[in-house]
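For the sequence shown, position 8 (counting from the first letter as 1) is numbered 8 according to UniProt numbering, and the numbering increases by one without interruption. Beta carbons: idealized from backbone N, C-alpha and C, even for Gly. Computed from a predicted model, the values in this text were never measured in an experiment. Structure first, then comments.
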Amino acid sequence: MKVKNKLLNYKDLEIIQDSNHFNFCLDSVLLARFVTFNKKVKKIVDIGTNNAIIPLILSKYTKAAIYGVEIQEEPSILARKNIEANNLINQIEIINQDIKNFTIKRNNFCEIVVCNPPFFRIDENSNLNTKESLVIARHEKFLSLEEMIHFSRILLNNDGKLVFIHLAERFEDIIIALNKSSFSIKKIRFIYSKNEKFSNKILVEAKLSNNKGCKIFPPLYIHNDDGSYTNDVKVFFED
C-alpha cells in the first residue's frame with residue numbers, strides 16, 4: 001500500500017512510501033545529514049536510492065545534481081514520483097540500473113558518492129525475508145561491501161569522497177575494503193542505540209586523497225532510557 005506523508009519536519013518535502021518495499025529508516029536520515037558540501041561539488045551519486053529519501057534530504061543543502069541509482073524497478077518508479085511530487089526533477093535524476101552498469105564510461109564522474117548499503121552477508125545461515133525486494137535491500141545479494149567501495153572508487157574524481165553507514169561489527173571489513181581501493185577514512189561517528197557498551201552502527205566518510213588524519217566525532221546516542229529520541233537525533237528531523 002502506498003502512503004504519502006510529510007517528510008519528518010523538513011519544510012516543503014513529502015514522501016510516498018510503499019509498504020511492500022523497504023521504507024526509509026533513521027539510518028538514511030543520519031547518513032544524509034552526515035554529508036558535507038563545498039562549492040566544488042557539482043555531482044552526487046546515491047547508490048541504492050530506493051524511494052529517494054537521501055536525495056530529497058540532500059537537496060535541502062546543495063544545488064549539485066543528484067543521481068539516485070536503484071537496481072529494483074518498482075522502488076525506482078516510486079523514487080521518480082517522489083522527485084516529481086517535490087518539484088525536484090531539474091536537480092535529481094533516478095536511474096533504474098545496476099551500479100555495476102552505471103559506472104561504465106563514468107570514471108571521475110562525481111565529487112560525492114553516498115550509500116546506505118545492504119548490511120548483511122548471504123550465506124548458508126542467512127534468515128532471508130520472503131519478499132525479494134527486502135532481501136535485495138538488506139542483504140548483499142547484488143552488492144557487497146567490497147563492490148560498493150570499488151564502484152564508488154570508479155565514480156569519484158581524485159578529491160572525491162564516499163559517505164556511508166554500516167554495521168559497527170563490520171568495521172574491520174570496512175577498513176580492509178577501503179584500503180584495497182585506496183581510500184582513507186577522514187571522518188567517523190559511532191552510533192549507539194542507547195547509553196550502552198557497544199556501538200551498533202557507524203557513519204564513515206572516506207576520501208581518495210593522500211592527506212593524513214581522521215576526525216572521530218562524539219558518539220551519537222539514538223534513544224533515551226524511556227525509548228524517546230535524544231535531542232542529538234531530533235535535530236536531524238528538520239532543516
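message: Taking its Cβ as the centre, do 16 or more other Cβ atoms sit within 10 Å of D46, making it buried, or is it exposed?
response: Here residue 46 refers to the residue found at position 46 when the sequence shown is read from its first residue. By the neighbour-count rule (16 or more Cβ atoms within 10 Å), D46 is buried.
- prompt: What three-state label does DSSP hand E111 in the structure shown?
  reply: Position 111 of the sequence shown, counted from the first residue, corresponds to residue 111. Reduced to three states, the DSSP call for E111 is strand.
Local Cβ density within 10 Å of I92, reported as buried at 16 or more and exposed below that: Reading the sequence shown from its first residue, position 92 is the one you call residue 92. So I92 ends up on the buried side.
- prompt: Which residues in the same chain as F236 place their Cβ atom closer than 8 angstroms to its Cβ, once the five residues preceding and following it in sequence are excluded?
  reply: On the sequence shown, residue 236 is found 236 positions in, with the first residue counted as 1. The answer, listed in chain order, is V29, L30, R33.
- request: Using three-state DSSP, classify E124 as helix, strand or coil.
  value: Counting from 1 along the sequence shown, the entry for residue 124 is found at position 124. Any reading at E124 is ruled out, since the residue's pLDDT is 42, under 50, leaving its predicted position unreliable.
8 angstroms contact criterion, which Y229 and K194 should meet: CB distance rounded: Sequence index remark: in the sequence shown, residue 229 carries index 229 (1-based). Sequence index remark: in the sequence shown, residue 194 carries index 194 (1-based). Actually they are not in contact, since the Cβ atoms of Y229 and K194 sit about 11 angstroms apart, beyond 8 angstroms.
- prompt: Is it true that the CB of D159 sits closer than 8 angstroms to the CB of K11?
  reply: The residue you call residue 11 lines up with position 11 of the sequence shown. The residue you call residue 159 lines up with position 159 of the sequence shown. In this structure, D159 does not lie closer than 8 angstroms to K11 by Cβ.
query: Taking the DSSP output, what are the residues bridged to V45?
result: Counting from 1 along the sequence shown, the entry for residue 45 is found at position 45. Beta-bridge pairing links V45 to Y67, V113.
message: Once DSSP output is grouped into helix, strand and coil, what is the label at L203?
response: Within the sequence shown, numbered from 1, the residue matching residue 203 stands at position 203. Correct three-state label for L203: strand.
task: Name, in chain order, the residues that DSSP records as bridge partners for residue 293.
output: The structure shown has nothing for residue 293, since the chain only spans 1 to 239.
- prompt: Whose C-alpha, out of V163, I16, G68, is nearest the C-alpha of S184?
  reply: The count along the sequence shown starts at 1 and reaches residue 184 at position 184. For S184, the nearest C-alpha among the options comes from V163.
task: Return yes when the Cβ of I216 is within less than 8 angstroms of the Cβ of I171, no when it is not.
output: Counting from 1 along the sequence shown, the entry for residue 171 is found at position 171. Counting from 1 along the sequence shown, the entry for residue 216 is found at position 216. Looking at the sequence itself, residue 171 is Phe, so the reference to Ile does not match. No, these two residues do not count as a Cβ contact at 8 angstroms.
message: Taking DSSP's pairing of strands, which residues face V163 in a bridge?
response: Mapped onto the sequence shown, residue 163 falls at position 163. DSSP output for V163 lists V114, E205 as bridge partner(s).
message: Classify M1: buried if its beta carbon has 16 or more other beta carbons within 10 angstroms, exposed otherwise.
response: As a first step, residue 1 is located in the sequence shown; it is residue number 1 there, counting from the start. Bear in mind that a pLDDT of 46 at M1, under 50, signals an unreliable position, so the model cannot answer this.
query: In the structure shown, what three-state DSSP assignment does D226 receive?
result: Taking the first residue of the sequence shown as 1, we reach residue 226 at position 226. Here D226 sits in coil by DSSP.
query: Looking at the structure shown, is I104 part of a helix, part of a strand, or coil, going by DSSP?
result: As a first step, residue 104 is located in the sequence shown; it is residue number 104 there, counting from the start. If DSSP states are grouped into helix, strand and coil, I104 belongs with coil.
field: Cβ-based neighbour list, V233, same chain, cut-off 6 angstroms, excluding 5 preceding and 5 following
entry: Taking the sequence shown and counting its residues from 1, one reaches residue 233 at position 233. For V233, where only same-chain residues beyond five positions count, the Cβ hits under 6 angstroms are I222.
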